[in-house]
Amino acid sequence: MDYIAFIAGLPEIAWDDRKLSLTVGEFREQLEDYVSEKDKSVVDLFFLPNDNAQVLRLLNRQGADSALQTVYPLKVLEDEVSEPDKGIPVYLREFIADFREEHLKYEMAPENVLSWMYYDYMLKSDNRLVREYAEFSMNLKNLVTALNARKYGMEAAKEVVGNNDFAVALRTSNAKDFGLSLDYPFVEKVMALMDSADLVERERGLDLLIWDFLDEAVTFEYFSFERVISYMLHLMIVERWSKMSSESGRKVFMEMVERFRKSFQFDEQFK
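To get this note's numbering, take the position in the sequence shown, counting from 1, and add 860.
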C-alpha cells in the first residue's frame, strides 16, 4: 500500500518551526482514512509509552493519570491490570503478570524493566524503520543514562536497558566513550551535549540527533509507509518544542527537568 495522496497533502515541517499547522492528534485522525489495520498497529507502537506509564501507575495503586493519552482506553488497561487477557500487547501482559507475581524479568526498577520489554517488542517489528528507530532511540537514551550514572557515581547496570552490544559496552566498559565512538559517531556528540549546563540546549541537541537520524533513514523513501512514520516522529518533536515556546512553556520545561531529576536518585548537592 502506498501513501502518495496522504503524503502529498501534508504541510511541510522544519526543525525550527514553532507554530504548527497540523498537530500530532490531527495527523493521526487524517491518517485513519488511509491506513490499513496492520499499519495502524505500527503507528500505535510509538504511543505505547503512555500506556506503559499508566499501567505502572495502576499497578502501584497511584490512580490513573487522566492527562495521559493512551493507545488503549483506561478501562481496558484497568481490566488488564486486574486480570491480564489478550487485549493489549504481549510484552505489557507479561509485565503485568510478572509484577503481580513479584518476579520481574530483570533485576532493576520496574519502570526500567518495562522500558526494556517495550524496546524488545519494537525490535521484533516487521517494519524496518520501527526496528532501526527503536535501536537508535534505545542506544541514545542508554548513553545519556550511562553518562549520568557515571557522573553521579551510580551503577549503570541497574539503569541501562536492552542487551545489544551497545548496552553491554555501557555496562562494562571503563573507557571515557565506553569504547563506542569509532562505531557510533553520535556518541561524541552526545558526550559534548551532556557537558552543557543548559538543559534546554542539551534536550534540543538530543532531539536534533533523532531528527537527523530520521532524515537519513528515509532518504530514498518518498511515498512509503516509512515516510509516514518519519513525518509523524518529526511532527512529535516539533510539537513538543512548540509547546515550550507557548505561555505554558515554562511549566512544560519544569516538568521535563523534574522527569530528568527523578530518573536518578541524586544527592542533595544536585538539587
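Even glycine gets a Cβ: it sits at the ideal position worked out from N, Cα and C.
With H, G and I counted as helix, E and B as strand and the rest as coil, what does DSSP make of residue i?
i: residue 1009; result: helix
i: residue 1071; result: helix
i: residue 954; result: helix
i: residue 864; result: helix
i: residue 981; result: helix
i: residue 972; result: helix
i: residue 878; result: coil
i: residue 939; result: helix
i: residue 1091; result: helix
i: residue 1124; result: Reliability fails at residue 1124, whose pLDDT of 48 lies under 50, so the model's placement of it is uncertain and the value that follows must be treated cautiously. DSSP places residue 1124 in coil when its eight states are reduced to three.
i: residue 891; result: helix
i: residue 1085; result: helix
i: residue 1097; result: helix
i: residue 1077; result: helix
i: residue 947; result: coil
i: residue 1102; result: helix
i: residue 885; result: helix
i: residue 837; result: Residue 837 lies beyond the residue range present for the chain, which begins at 861 and ends at 1131; the question has no answer from this structure.
i: residue 897; result: helix
i: residue 1066; result: helix
Kindly list the residues whose CB is nearer than 8 Å to the CB of residue i, restricted to its own chain and excluding five residues on each side of it in sequence; keep chain order.
i: residue 1071; result: 875, 1094, 1097
i: residue 1010; result: 1016
i: residue 949; result: 908, 981
Excluding the 5 residues flanking residue i on each side, which residues of the same chain have their C-beta closer than 7 Å to its C-beta?
i: residue 965; result: 958, 973, 977
i: residue 880; result: 1098, 1099, 1102
i: residue 883; result: 1099
Give the straight-line distance between the Cα atoms of residue i and residue j, rounded to the nearest whole angstrom.
i: residue 867; j: residue 1083; result: 6 Å
i: residue 1053; j: residue 946; result: 42 Å
i: residue 1042; j: residue 1048; result: 9 Å
i: residue 1040; j: residue 1025; result: 10 Å
i: residue 1045; j: residue 1000; result: 12 Å
i: residue 918; j: residue 925; result: 9 Å
i: residue 1018; j: residue 1089; result: 32 Å
i: residue 891; j: residue 878; result: 23 Å
i: residue 916; j: residue 1055; result: 32 Å
i: residue 979; j: residue 995; result: 8 Å
i: residue 992; j: residue 1069; result: 14 Å
i: residue 885; j: residue 922; result: 27 Å
i: residue 1013; j: residue 1080; result: 44 Å
i: residue 906; j: residue 1059; result: 24 Å
i: residue 960; j: residue 938; result: 14 Å
Please return the same chain residues whose Cβ sits closer than 6 Å to the Cβ of residue i, not counting the five positions on each side in sequence.
i: residue 869; result: none
i: residue 1038; result: 1029, 1030
i: residue 1003; result: 1050
Against chain B, with Cβ distances strictly below 9 Å, would residue i count as a contact?
i: residue 1023; result: Going by chain labels, chain B is absent from the structure shown, which holds only one protein chain.
Is residue i close to the ligand SAM? I mean its beta-carbon at under 8 Å from any heavy atom of the ligand.
i: residue 955; result: With respect to the ligand SAM, the structure shown offers nothing to examine, as it has no ligands at all.
Where are the alpha helix (DSSP H) runs, 4 residues long or more, that stay fully inside the region 989-1038, in chain order? 1025-1032
At what residue ranges does the region 904-935 contain a whole run of the beta strand (DSSP E), taking only runs of 3 or more? none
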